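Q: Protein chains in written order, with the working numbering: chain U, 793 to 953; chain R, 24 to 139.
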Amino acid sequence: MSGFVDQEMRGQTFLRVVAKMLFPFILVFGVYVITHGELGPGGGFQGGVILAAAFILYGMIMGAEELERRVPRWVTDAAMALGVLLYAGTGLHNLLAGGAFLDYTMLGPDRPGDAEALGMTLVEYGVGITVCSVMITIYIQVCERAATDVGVFTRVRKERR
Amino acid sequence: MAWNDVVTTVFLFVGVFFALTGALGVLRMPDFYSRLHPAGKSDTLAQGLILVGLMFQADDPMVAVKLALLTGLLFVTAPTATHAISRAAELDGLEPWTHEDPEEGHREDGSEVDDG
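This is the structure in C-alpha cells:
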C-alpha cells in the first residue's frame with residue numbers, strides 16, 4: 793500500500809510545498825504545548841504527539857523511506873531511551889537527594905516553588921521526547937509492514953474493480 | 024454599542040452567511056467534485072471571517088495574534104485538504120458529473136463507488 797501511495801504522492805508538488813511550509817510551525821506548536829504543560833492546557837504527551845504529527849506528515853508526503861533516511865532508526869531508538877532516562881533520572885535524583893521519588897523540591901531545597909516547576913518541566917520534556925520518537929517508530933513500522941503486503945493489496949484492488 | 028461590537032457583528036453575519044451557503048451547497052450539488060467547491064471554498068472563507076470577527080472581541084492582544092495565526096493556518100490547510108481529497112478521488116478513477124452523463128458516482132471503468 794505504501795508503495796502505491798508513495799509513488800502517487802511524490803508527484804504532488806502542491807502538497808509537498810504546503811507540508812514543507814507547515815513543518816516548522818507544527819514543531820514550534822508542539823514545543824509550545826510541551827512547555828506549557830505545567831501551568832496551562834497541554835503537556836508532554838500531547839506535545840509529543842504534535843511533534844510526531846509533523847514528522848508523520850513529512851513521511852506521508854515524501855514517503856516512509858525518505859522519513860527513515862532523515863530520521864534514522866538509531867536516532868528514534870536513542871531518543872526513546874533518552875526520554876525515559878530524563879524522566880527516571882529526575883525521579884531518582886530526588887530519591888538520592890533524600891526525598892521521595894519525583895519529589896521535585898529536592899532539586900532546589902532553598903526555592904521549592906522554582907524547583908517544582910523545573911522538575912515538572914524536565915519530566916514533561918522526557919515524556920514528550922519518548923512519545924514523539926515512539927509515534928515515529930510506529931508509523932515507520934506500519935509503513936514497512938504495508939509495503940511487504942503491497943502485492944496482496946493490488947490484487948484485492950483489481951478484484952474490487 | 025462599541026465600535027468593535029459593530030465590526031464583530033458584521034464579520035460574523037457575513038461569515039455565517041458563507042457557512043450557510045456552503046452547507047446548502049454540500050446538500051444540493053450533484054456529485055462529489057462539485058460538492059467539494061462549497062465544502063472547501065466557502066467554508067474556508069466563513070471560518071476566516073468568523074475568526075477575524077472574534078479578533079475584535081479579544082481583550083488581550085496575544086489572543087488576537089493567536090486568532091490571526093489560526094486564520095492564516097486555516098487559509099493554507101483547508102484548500103490543501105480539499106485538493107488532496109479531490110486528487111485522491113481522481114486517482115481512484117471517479118468521473119466528474121456532466122450533463123451528457125448524469126449517472127453519478129462511478130469510476131471510468133463503470134464500477135460503482137459504494138459510498139451511497
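Every residue, glycine too, gets a C-beta built ideally from N, C-alpha and C. Small disclaimer: the values here were computed from a predicted structure and weren't measured.
#1: For Asp-798 (chain U), count neighbouring Cβ atoms within 10 angstroms of its own Cβ and tell me buried if that reaches 16, exposed if not.
#2: By the 10 Å Cβ neighbour count, where 16 or more other Cβ atoms means buried, how is Glu-916 (chain U) classified, buried or exposed?
#3: Chain U partners of Ala-107 (chain R), CB-CB under 9 Å?
#4: Relative to the alpha-carbon of Val-49 (chain R), which residue among R:Gly-63, R:Phe-40, R:Ala-101 and R:Phe-36 has its alpha-carbon at the smallest distance?
#5: Would you tell me roughly how many angstroms separate the C-alpha atoms of Ala-46 (chain R) and Arg-58 (chain R), rounded to the nearest one?
#6: Is the separation between the beta-carbon of Thr-31 (chain R) and that of Gln-80 (chain R) shorter than 7 Å?
#7: DSSP three-state label for Leu-894 (chain U), please.
#8: Relative to chain U, which residues along the stretch 77 to 109 of chain R have a C-beta separation below 8 Å, given in chain order?
#9: With distances taken from CA atoms, which of R:Met-78, R:Leu-68 and R:Val-37 is nearest Ala-91 (chain R)?
#10: In the DSSP assignment, find the alpha helix (DSSP H) that holds Met-852 (chain U) and state where it starts and stops.
#11: Excluding the 5 residues preceding and the 5 following Leu-877 (chain U) in the sequence, name in chain order all residues of the same chain whose CB lies nearer than 8 Å to its CB.
#12: Tell me the start and end of each unbroken alpha helix (DSSP H) in the stretch 27 to 91 of chain R that is at least 4 residues and wholly inside, in chain order.
#13: Going by Cα to Cα distance, which pick from R:Val-39, R:Leu-43 and R:Phe-55 is closest to Glu-118 (chain R)?
#14: Relative to the C-alpha of Leu-33 (chain R), which candidate in R:Gly-116, R:Leu-72 and R:Glu-123 has its C-alpha closest?
#15: Taking Cβ positions, are Pro-53 (chain R) and Trp-120 (chain R) nearer each other than 7 Å?
#16: Taking C-beta to C-beta, are Leu-975 (chain U) and Ile-921 (chain U) nearer than 7 Å?
#17: Tell me where the alpha helix (DSSP H) around Gly-832 (chain U) begins and ends.
#18: Against chain R, with Cβ distances strictly below 7 Å, would Val-810 (chain U) count as a contact?
A: Checking against the coordinates, here is how it stands:
#1: Taking the first residue of the first sequence as 1, we reach residue 798 (chain U) at position 6. Reliability of the predicted coordinates at Asp-798 (chain U) is poor, the pLDDT of 49 falling under 50, and no value is obtained from them.
#2: Residue numbering aside, residue 916 (chain U) sits at position 124 when the first sequence is read from its first letter. So Glu-916 (chain U) ends up on the buried side.
#3: By 1-based counting over the second sequence, the position of residue 107 (chain R) is 84. Near Ala-107 (chain R) (Cβ distances below 9 Å), the residues of chain U are Gln-804, Phe-806 and Leu-807.
#4: Residue 49 (chain R) sits at position 26 when you count from the first residue of the second sequence. The option with the nearest alpha carbon to Val-49 (chain R) is R:Gly-63.
#5: On the second sequence, position 23 is the one that residue 46 (chain R) refers to. On the second sequence, position 35 is the one that residue 58 (chain R) refers to. Cα to Cα, Ala-46 (chain R) sits roughly 10 Å from Arg-58 (chain R).
#6: Stepping through the second sequence from its first residue, residue 31 (chain R) is reached at position 8. Stepping through the second sequence from its first residue, residue 80 (chain R) is reached at position 57. Yes, they are a contact pair.
#7: Counting from 1 along the first sequence, the entry for residue 894 (chain U) is found at position 102. Here Leu-894 (chain U) sits in coil by DSSP.
#8: Leu-96, Val-99, Thr-100, Thr-103, His-106 and Ala-107
#9: The residue given as residue 91 (chain R) occupies position 68 in the second sequence. For Ala-91 (chain R), the nearest C-alpha among the options comes from R:Met-78.
#10: In the first sequence, residue 852 (chain U) corresponds to position 60, counting from 1. Taken as a continuous stretch (DSSP letters only), the alpha helix (DSSP H) holding Met-852 (chain U) covers 836 to 854.
#11: Position 85 of the first sequence, counting from 1, holds the residue named residue 877 (chain U). So the list reads Gly-918, once near-sequence residues are dropped.
#12: 55 to 60 and 66 to 78
#13: Within the second sequence, residue 118 (chain R) is the residue found at index 95, counting from 1. Ranking the options by Cα distance to Glu-118 (chain R), first place goes to R:Phe-55.
#14: The residue labelled residue 33 (chain R) in the question sits at position 10 within the second sequence. Here residue 33 (chain R) turns out to be Val, not Leu, going by the sequence shown. Closest option to Val-33 (chain R), Cα to Cα, is R:Leu-72.
#15: Residue mapping note: residue 53 (chain R) aligns to position 30 of the second sequence, counting from 1. Residue mapping note: residue 120 (chain R) aligns to position 97 of the second sequence, counting from 1. For Pro-53 (chain R) and Trp-120 (chain R), yes; Cβs fall inside 7 Å.
#16: This structure gives no information on residue 975 (chain U), because the portion of chain U shown stretches from 793 to 953.
#17: Within the first sequence, the letter at position 40 stands for residue 832 (chain U). From DSSP, Gly-832 (chain U) is part of no alpha helix (DSSP H); its letter is neither H nor E.
#18: Here the question's residue 810 (chain U) lines up with position 18 in the first sequence. Yes, because at least one Cβ of chain R sits closer than 7 Å to the Cβ of Val-810 (chain U).
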